[in-house]
Amino acid sequence: MREPIRIVTIYSQLFEKKYKGSLDEQADGFIQHTVEAAQRLEALLDDLLAYTQTAEGPQTVDSPVDANACLANTLTVFESAIAESGATVTSDSLPVLRVNEVHIQQLLQNLIGNGLKYRSEAPPRIHISAEKDRQMWKLGVIDNGIGIDGQYHKQVFGLFKRLHGSGKYAGSGIGLAICHKIVERYGGRMWVESEPGQGSKFFFTLPGE
Ligand code: ADP
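Counting in my numbering, the sequence shown runs from -14 upward without gaps.
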């Protein structure tokens, strides 16, 4: 699937480069819509592949990982988004988790990325919390963003479920479905506590030391 989509993207971009401005205004609009849709399709396919590659069933772990180091890595990915939005990201001291590094990275990236994306007027404030919860660790990604109405608290973890149109926020509705699937593979739980306008708290439990 990647190959034909790639070709649509490339040729629509070439078309735009060559003919933009030389046809009428309406044609320019058509070209722009085509280019944008092709790019969205590519991004969607990437996310979908990441979702399908998150296999089902119990997960074996290579070696335990320090979640503090994973967080530091994730923050480098968002360096410019954090600087541009004036965001502050703080965290408790995080545990060593018995989870593959790539999975912690995916969780933190999706959740922190959403915290930055679904921001309110105020500069984003994101806190990563950690507390021991019996045999598991309970981690939280807490933001001061637009929040989520109670009726959607379960639905947001569904595949392709989006509460906000692609006009205002880019996305494909796959990130939280991936997070949920990862957490379940390790026998953990994932949920959100939130109210519109009051920020969101995404919690998940994972095995650790
Ligand atoms: P995407 O961000 O690509 O749309 P996600 O699966 O990450 O997909 O999220 C699903 C939906 O849940 C989003 O479209 C958004 O409406 C809502 N959402 C996710 N995270 C937050 C958040 N931190 N604050 C408010 N709404 C959120």
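C-beta atoms are modelled at their ideal positions from N, C-alpha and C, and glycine is treated no differently.
| field | beta strand (DSSP E) segments (min. 3 residues) lying fully within the segment 58 to 86 | value | 73 to 76
| Inter-stretch contact (C-beta, 8 Å, three-pair minimum) for the segment 53 to 60 and the segment 19 to 37 | no
| query | How many Å lie between P109 and E180 at the Cα? | reply | Stepping through the sequence shown from its first residue, residue 109 is reached at position 124. Stepping through the sequence shown from its first residue, residue 180 is reached at position 195. So the two alpha carbons sit approximately 16 Å from each other.
| task | Return the chain-ordered ranges of every beta strand (DSSP E) run that is complete within the segment 88 to 148 and spans a minimum of 3 residues. | result | Within the segment 88 to 148, complete beta strand (DSSP E) segments of at least 3 residues are found at 110 to 118 and 121 to 128, given in chain order.
| field | Contacting residues, own chain, Cβ-Cβ under 6 Å from F186 (five flanking each side not counted) | value | Counting from 1 along the sequence shown, the entry for residue 186 is found at position 201. Note on identity: in this sequence residue 186 is Lys, with Phe being the wrong assignment. Hits under 6 Å: G125, I127 and E178.
| query | Does ligand 1 have a heavy atom nearer than 7 Å to the CB of R147? | reply | Taking the sequence shown and counting its residues from 1, one reaches residue 147 at position 162. Yes, ligand 1 has a heavy atom inside 7 Å of this Cβ.
| task | Verify whether the separation of the beta carbon atoms of P49 and E169 is less than 8 Å. | result | The residue given as residue 49 occupies position 64 in the sequence shown. The residue given as residue 169 occupies position 184 in the sequence shown. Against a cut-off of 8 Å, the Cβ pair of E169 and P49 comes out as no contact.
| request: Look up D9 in the DSSP assignment and say whether it is helix, strand or coil. | output: Residue 9 sits at position 24 when you count from the first residue of the sequence shown. Three-state result, D9: coil.
| Hey, is the segment 101 to 115 in contact with the segment 139 to 147, meaning 3+ C-beta pairs nearer than 8 Å? | no
| said: Taking only three categories from DSSP, how would you classify G160? | reply: Within the sequence shown, residue 160 is the residue found at index 175, counting from 1. Helix at G160.
| request: Given a cut-off of 8 Å, decide if P192 and T82 are closer than it, judged by their beta-carbon atoms. | output: Locating residue 82 in the sequence shown gives position 97, where the first residue counts as 1. Locating residue 192 in the sequence shown gives position 207, where the first residue counts as 1. Reading off the sequence shown, one finds Leu at residue 82, where the question assumed Thr. Against a cut-off of 8 Å, the Cβ pair of P192 and L82 comes out as a contact.
| message | What would DSSP say about S(-3), mapped onto helix, strand or coil? | response | Your numbering for residue -3 matches position 12 in the sequence shown. Of the three classes helix, strand and coil, the one that applies to S(-3) here is helix, per DSSP.
| message | Measuring only from the beta carbon, is I159 closer than 7 Å to any heavy atom that is part of ligand 1? | response | The residue labelled residue 159 in the question sits at position 174 within the sequence shown. Because some heavy atom of ligand 1 lies under 7 Å away, the Cβ of I159 counts as near it: yes.
| request: Please name the residue, chosen from G152, Y4, D31 and T39, that lies closest to R(-9) on a Cα-to-Cα basis. | output: Along the sequence shown, one-based indexing puts residue -9 at 6. Looking at the Cα atoms, D31 is the closest of the given residues.
| query | Expressed to the nearest angstrom, what Euclidean distance is found between the alpha-carbon atoms of T45 and K166? | reply | In the sequence shown, counting from the first residue as 1, residue 45 sits at position 60. In the sequence shown, counting from the first residue as 1, residue 166 sits at position 181. Near 15 Å, if we compare the C-alpha coordinates of K166 and T45.
| query | For T(-6), which residues of its own chain have a beta-carbon under 8 Å away from its beta-carbon, when the five flanking residues on both sides are left out? | reply | Taking the sequence shown and counting its residues from 1, one reaches residue -6 at position 9. Answer for T(-6): V20, A23, Q24, L26 and E27, listed in chain order.
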